[in-house]
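The next block holds one structure in the form of structure tokens; read it before the comments.
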Amino acid sequence: MTEERIREWYGRRLVPAAERGLRSMFLPDRNLFCFKAVGGGGGELKILGESPRYTAMVLAGIHSLAGPREEWEGIPLGRVREALLAWSRGNAGPGDLGLVLLACLAAGGDGAEETARRILSRRESFLAPGTGFTTMEMGWLLWGLAAALKHGIGQEGLEETARGVAERLLGCQRERAGLFSFGADLRRKNLHAARWDSRRGS
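Written out as structure tokens, the structure is:
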């Protein structure tokens, strides 16, 4: 199957399926998407929890597909973005901030400068020597920083921070396999916490 046919098949089959699923996973009272939806008895859908992290991923995906807009399929994307920004002002991790930055950039830029400033204000928490991290978190952060630089976000220190994150990630790459380890400098209890956090999609 050629790449063109694969893309056509994705657009015809997988994208509509994802759109249907996402519509049912939106929580209008929270302006967030749920953590998980499972089939219940009688064909009903059971919604479990909420996930700002997954919401950032969804928002970036929708805007990448449909372009910057305030509403999509009845979902108020502007309110979703504001809910994400409000959440990111709390205890969002570095990877989550990277995802929020990606979502804001895909939405047209609103909130991107604010999120970039927040990342820079916390840089010592994830770049200081001896601090533990997971490669997934740092990968999301680098993705967001790289996108911000590409879009011309001019925060002083942004490129330096991105290079620092990249260096930490490269330090986790297995030379022989070329793959990255789970993380670095993580104590055992933190490893379990990171896995739980990833499973919950917090």
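Using the numbering used here, read the sequence shown as starting at 3 and increasing by one per residue. Each residue gets a CB set at the ideal place from its N, CA and C atoms; glycine is no exception.
The continuous stretches of alpha helix (DSSP H) do not include Leu16, and DSSP gives it neither H nor E. Annotation: Leu181 is outside any beta strand (DSSP E) and is labelled neither H nor E by DSSP. In the structure shown, Thr4 falls within a coil segment according to DSSP collapsed to helix, strand and coil.
Here Val167 has Met140, Leu143 and Leu144 as same chain residues with Cβ atoms under 6 Å from its own Cβ, once five neighbours each way along the sequence are excluded. Apart from the 5 residues on each side of it in sequence, Arg125 sits with its Cβ closer than 6 Å to the Cβ of Thr163 in its chain, given in chain order. Between the stretch 4-20 and the stretch 32-48 there are fewer than three inter-stretch CB-CB distances shorter than 8 Å, so the stretches are not counted as touching. Look at Glu46 here: in three-state DSSP terms it is coil, with no helix or strand label.
In terms of CA proximity to Arg55, Leu103 leads the group Ile121, Ser183, Gly43 and Leu103. Membership of Gly76 in any alpha helix (DSSP H) is not indicated, and neither H nor E is assigned to it by DSSP.
Excluding five sequence positions before and after Ala58, the CB atoms of its chain that fall closer than 8 Å to its own CB belong to Leu86, Asp98, Leu101, Val102, Leu104 and Ala105, given in chain order. Residue state for Thr133 is assigned as coil, using DSSP reduced to three classes.
The beta carbon of Asp112 sits closer than 7 Å to those of Arg83 and Cys106, all from its chain and outside the five residues before and after it, given in chain order. For Trp74, same chain residues with a beta-carbon under 8 Å away, outside a window of 5 residues either side, are Ile64 and Ala68 in chain order. In the displayed model, Phe128 falls within a helix according to three-state DSSP.
Distance from the CA atom of Ala114 to the CA atom of Ala150, rounded to whole angstroms, is 8 Å. With a cutoff of 9 Å on beta-carbon distance, Pro70 and Gly43 are scored as not near each other.
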